[in-house]
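The next block holds one structure in the form of structure tokens; read it before the comments.
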Amino acid sequence: MKKLLLAFSSISLTAIPSLNIISCTPEIEDEDYFIPTEQPKNIEEIETNFKLAVDKNEDFLVQAYKEWAEHKIKIDWDNLKKDEQDIERIKFNHNSMESQKSTIYIFWMSVCEYKIYQFDKNYKKELVTNNGIKQTLRAQDKKIFNYSLSLALESEFSNDKTKEHIKKMYDWGIQENPNAKV
Numbered sequence: 281m282k283k284l285l286l287a288f289s290s291i292s293l294t295a296i297p298s299l300n301i302i303s304c305t306p307e308i309e310d311e312d313y314f315i316p317t318e319q320p321k322n323i324e325e326i327e328t329n330f331k332l333a334v335d336k337n338e339d340f341l342v343q344a345y346k347e348w349a350e351h352k353i354k355i356d357w358d359n360l361k362k363d364e365q366d367i368e369r370i371k372f373n374h375n376s377m378e379s380q381k382s383t384i385y386i387f388w389m390s391v392c393e394y395k396i397y398q399f400d401k402n403y404k405k406e407l408v409t410n411n412g413i414k415q416t417l418r419a420q421d422k423k424i425f426n427y428s429l430s431l432a433l434e435s436e437f438s439n440d441k442t443k444e445h446i447k448k449m450y451d452w453g454i455q456e457n458p459n460a461k462v
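In the numbering used here, the protein residues as written are 281 to 462.
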């Protein structure tokens, strides 16, 4: 009996606490895979979010293009057949976190366009981002927002995780905004 008790206590002091530590370790969330919890309160908030999305998209695109150029050299791109190039292009985009995040921020721009529509159906304004990029934010209706979703989900360059996140973004974006009095 003492041996059984001793064996159980040694297991509980070694194995069980380490299992607890492992199971309680939180997964680090990626700040680019977020969904807001509240609807925008005004047009200025949407403009700020739009400019942020434009800048983030640009940053990730630049990085993805650099990585793509390096990858093309590594795989001897010019000596691949057309169908092999197509496969490599899709594979690279699926595995490139920067490419996937660029896709997410492109869709955030569409979300902002629909959110603006909820405030002002005729809104159109050229904005300048913190990185100096000029981009027009214009109101887009539900039909165009739905079309943007279908394009994003049909893209062969987006992986499943990105498509699932875009669906969540759409679900948040399509919600009626109680702050918009149109």
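We put the CB at the ideal spot given by N, CA and C, even for glycine. Computed from a prediction, not measured in an experiment: that's the story for all the values here.
Item, Value
"Lys447 - containing alpha helix (DSSP H), residue span", "440-453"
"Lys422 beta carbon less than 9 Å from that of Tyr397", "yes"
"Straight-line gap, Tyr450 to Ile355 (C-alpha atoms, nearest Å)", "36 Å"
"Simplified DSSP state of Gln415, which is helix, strand or coil", "strand"
"Contact belief for Gln343 with Glu368 at Cβ below 8 Å, rounded distance in angstroms", "That pair is no contact at about 18 Å."
"Segment contact, 8 Å Cβ cut-off, at least three pairs: the stretch 317-335 with the stretch 376-393", "yes"
"Exposed unless 16 or more other CB atoms sit within 10 angstroms - verdict on Leu431", "exposed"
"Local Cβ density within 10 Å of Gly412, reported as buried at 16 or more and exposed below that", "exposed"
"Unbroken alpha helix (DSSP H) run spanning Glu364, endpoints", "362-375"
"Assigned secondary structure, Lys321 (DSSP; H/G/I helix, E/B strand, else coil)", "coil"
"Nearest neighbour of Lys381, chosen from Ile454, Thr442, Lys447 [CA to CA]", "Thr442"
"Whole-angstrom distance between Ile424 and Gln415, CA atom to CA atom", "18 Å"
"Gln455 burial status per 10 Å Cβ neighbour count (16 or more: buried)", "exposed"
"Bridge partners - Lys404, DSSP secondary structure assignment", "Arg418"
"As assigned by DSSP and simplified to three states, the class of Ala460", "coil"
"Test item: CB-CB of Phe372 and His351 under 9 Å", "yes"
"Alpha-carbon spacing of Glu347 relative to Ala419, whole angstroms", "34 Å"
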